[in-house]
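Novice: Attaching a single structure in structure tokens format; questions to follow.
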Amino acid sequence: MKKNEVALLILIVSVVALDTYFVINAAVGKAAAKAVIVERADAFTTKLVPPSTTIFNKDAINPTVKVKIGDQSGQQPFTINQ
44 MKKNEVALLI LIVSVVALDT YFVINAAVGK AAAKAVIVER ADAFTTKLVP PSTTIFNKDA
104 INPTVKVKIG DQSGQQPFTI NQ
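Under our numbering, read the sequence shown as residues 44 to 125, first letter to last.
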């Protein structure tokens, strides 16, 4: 490329970039400063609330205990007895 072609290319890119900036700025516009109401969070405390006795009691079901239902001898149902 010649120097004139490079200079013309830089000029065209600059003009297109400026035009794009102004067109987008006109279309989108500036954000207006508005007052926003923000909900405040309560402060954290070290006080613990005791768990509900209706859910956490000594007679409740323990989900970590394995439940055995029926005969467990047939663990592999697709094995062929030969």
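Yeah, the Cβ is synthetic: ideal placement off N, Cα and C, and Gly gets one too. Here the structure is a predicted model, which means the values were calculated and not measured.
1. Rounded to the nearest angstrom, what separates Glu48 and Ala78 at their Cα positions?
2. With DSSP collapsed to three states, give me the class of Ala74.
3. Note down the Cα distance separating Thr63 from Ala50, rounded to an integer number of angstroms.
Specialist: According to the structure data:
1. Between Glu48 and Ala78, the C-alpha separation is close to 52 angstroms.
2. coil
3. 20 angstroms
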